[in-house]
């Protein structure tokens, strides 16, 4: 009986052990899996248990990283990428400690132990020298955040620093700047932090436009012609008083390469404190050329159309760009995308690549891209098509009595394709299209510029008028009123090619229209933003040019023509 009891006890004990052991084995397996997972993916430092273990300086590191995700740094109320210069000034006042860097302006606020960087007028860099941050060591940063995404170094006469860069998001990084570790100090303390945000060009430009005066904005929308071959009082006034956005040069402004370079450099020098200028001309090739000095001329577009080789057209555009750059110019009123569909046309003719819309499209786009390759702004013209006219708009107002469907079947084809291929500027023609707008020529027509060009064709670049001093306009309209109607209809730049007094009338009329509310501030700002974005895209600046090597240009042109065109 005793033996049976012992066996019963043993059996019971085994059952108990089994009941205990099996769960323990399962628990051990689960723990093993958890540890295996944790070996692959470290425990995040924001767990409640780990936070309790952080030192005071490590907690400050963690707080700094948390704030950086919102564009902030400890104890500073501003947001990188959002706060404007005026908001900083209202909170902290102005400072005399200002430094200009290549892509930003830095202002030092000594009382706040902070330096603020601005892209335009938007805060894009917050540098804090806060004493609490300077208690953080290299080890503290790495204990909390791990290894940086990038390590950089900076050294000058007084600094030998290491910079730990952590990517916060695609446009923002947090930089920890410390002295380089040494044997004497293997765990250096932070000198300062920098929260840097890449601000897109549009936001920068919008911030600049916000603080521009009405006069400055109007000036940007004027592209003016000048008289003479030297800097005179009127030209100085256009720059210093009216702060025009650009100059157009004609053949009578140019005598020689030396004189042209001198004039262009003088204009750039006079404009030094303003936004950089569009410096433009009509260098189409063929019978429309402006540059001086015996340059070998290109064949007309009609002759290029006969060759019908896209590579040839691209290389012509490239050499046109090289010519313009050599003379210090940055905007060309070419290529012509008009389809030469009317043999009686007195103004287009051989300036067109031909009467086939596809050939005009292909060759015109290649010339456009060749110009762009040289960082020269091309202008496609004359929208919506000047090819089917029998009147010269320099003298009178042509009428094209076509429906939208008819235009889409021919005239609009090259413009639509060029816009899809990256056209930056469209010049609108002085032609009346009564089936679209009975009362206004294209340069004053909302139906043409806003409804067709912007909305239907999706063009978001700069719209410029043809010269408003041409007979098509001044024989029928007051030039000031015409400019106002043009801006209201959708143009961004008013081209006033001749007459200082005409420029004054246009500027005066635009200012009056803005003050009366006939042109809204929003409408004004839209155009100025487009203009400034274009200048930024092409890096338009005040840099002067050296003397032109005409022989080298001619050699390249001759080689090209001998290769493709006889």
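Residue numbers (my numbering): 7 to 572. Glycine included, every Cβ here is placed at the ideal spot set by N, Cα and C.
Own chain partners of residue i with C-beta closer than 8 Å, once the 5 adjacent residues on each side are dropped
i, result
"residue 145", "193"
"residue 137", "119"
"residue 560", "300, 301 and 302"
"residue 150", "51, 60, 64, 67, 68 and 71"
"residue 40", "For residue 40, the predicted structure reports a pLDDT of 37, less than 50, and the residue's modelled location is therefore unreliable. A value from the coordinates is still provided. Counting only Cβ-Cβ distances below 8 Å, and skipping sequence neighbours, we find nothing."
"residue 381", "327, 331, 336, 544 and 545"
"residue 88", "77, 128 and 129"
"residue 448", "389, 390, 434, 435, 436, 437, 438, 439, 454 and 455"
"residue 85", "76, 77, 78 and 129"
"residue 262", "298 and 299"
"residue 562", "325 and 328"
The beta strand (DSSP E) enclosing residue i, as first and last residue numbers
i, result
"residue 103", "Element bounds for residue 103: n/a, residue is neither H nor E."
"residue 546", "Element bounds for residue 546: n/a, residue is neither H nor E."
"residue 456", "Premise fails: residue 456 is in no beta strand (DSSP E) and is neither H nor E."
"residue 231", "228-231"
"residue 161", "156-161"
"residue 500", "500-502"
Unbroken alpha helix (DSSP H) run spanning residue i, endpoints
i, result
"residue 123", "Unbroken run through residue 123 is the beta strand (DSSP E), 120-125; no alpha helix (DSSP H)."
"residue 426", "418-426"
"residue 558", "556-570"
"residue 462", "Careful: residue 462 lies outside any alpha helix (DSSP H) and carries neither H nor E."
"residue 506", "506-522"
"residue 313", "307-313"
"residue 170", "No alpha helix (DSSP H) holds residue 170; the beta strand (DSSP E) holding it covers 166-173."
"residue 316", "316-332"
"residue 92", "91-98"
"residue 188", "Careful: residue 188 lies outside any alpha helix (DSSP H) and carries neither H nor E."
"residue 267", "263-276"
"residue 68", "62-74"
"residue 211", "207-216"
"residue 246", "239-246"
"residue 362", "Here residue 362 belongs to no alpha helix (DSSP H), and DSSP marks it neither H nor E."
"residue 411", "410-415"
Residues near residue i by beta carbon distance below 6 Å, same chain, minus five either side
i, result
"residue 405", "438"
"residue 427", "371"
"residue 574", "The requested residue 574 is not part of the displayed model; the chain covers only 7 to 572."
"residue 126", "210, 213 and 214"
"residue 524", "none"
"residue 280", "249"
"residue 260", "266 and 298"
"residue 385", "339, 431 and 433"
"residue 187", "194"
"residue 503", "231, 254, 473 and 475"
In DSSP terms, what residue i is bridged to
i, result
"residue 114", "121"
"residue 338", "287 and 384"
"residue 447", "438"
"residue 573", "For residue 573 there is no data in the structure shown, the boundaries of the chain being 7 and 572."
"residue 255", "287"
"residue 200", "133 and 181"
"residue 433", "470"
"residue 143", "195"
"residue 406", "Residue 406 pairs with nothing; no bridge assigned."
"residue 389", "434"
Same chain, Cβ closer than 7 Å to residue i, neighbours up to 5 away in sequence not counted
i, result
"residue 55", "Unreliable placement is indicated for residue 55, whose pLDDT of 40 sits below 50; the coordinate value is still reported in the next sentence. Cβ within range, chain order: n/a, list empty."
"residue 224", "513, 516 and 517"
"residue 98", "115 and 118"
"residue 564", "302"
"residue 207", "539 and 542"
"residue 142", "63, 66, 67, 195 and 196"
"residue 519", "490 and 525"
"residue 344", "354, 358, 388, 391, 392 and 393"
Closer than 8 Å to chain B by CB, residue i
i, result
"residue 471", "Within the model displayed, chain B is absent; a lone protein chain is all it includes."
Any non-hydrogen atom of the ligand SAM within 7 Å of residue i CB
i, result
"residue 151", "Of ligands this structure carries none, so the ligand SAM is not represented either."
Exercise. With contact counted as at least three CB pairs below 8 Å, one residue from each stretch, are the stretch 532-539 and the stretch 503-520 in contact?
Worked result: no
Problem set entry | Given 8 Å, three or more beta-carbon pairs between the stretch 129-146 and the stretch 69-82 | yes
Problem set entry | Three CB pairs or more closer than 8 Å across the stretch 117-125 and the stretch 59-75 | The stretch 117-125, when compared against the stretch 59-75, does not touch it at the 8 Å Cβ threshold.
Exercise. With contact counted as at least three CB pairs below 8 Å, one residue from each stretch, are the stretch 321-341 and the stretch 550-567 in contact?
Worked result: Short answer: they touch.
Problem set entry | contact_flag[the stretch 304-323, the stretch 359-369] where n(CB pairs < 8 Å) is 3 or more | yes
For this session: Kindly confirm or deny that the stretch 409-419 and the stretch 368-388 touch, where touching means at least three C-beta pairs closer than 8 Å.
Result: Three or more Cβ pairs closer than 8 Å define a contact, and the stretch 409-419 falls short of that threshold against the stretch 368-388.
For this session: Could you say if the stretch 493-505 and the stretch 467-477 meet the contact criterion of at least three C-beta pairs nearer than 8 Å?
Result: yes
Exercise. Does the stretch 318-325 come within contact of the stretch 269-285, defined as at least 3 CB pairs closer than 8 Å?
Worked result: no
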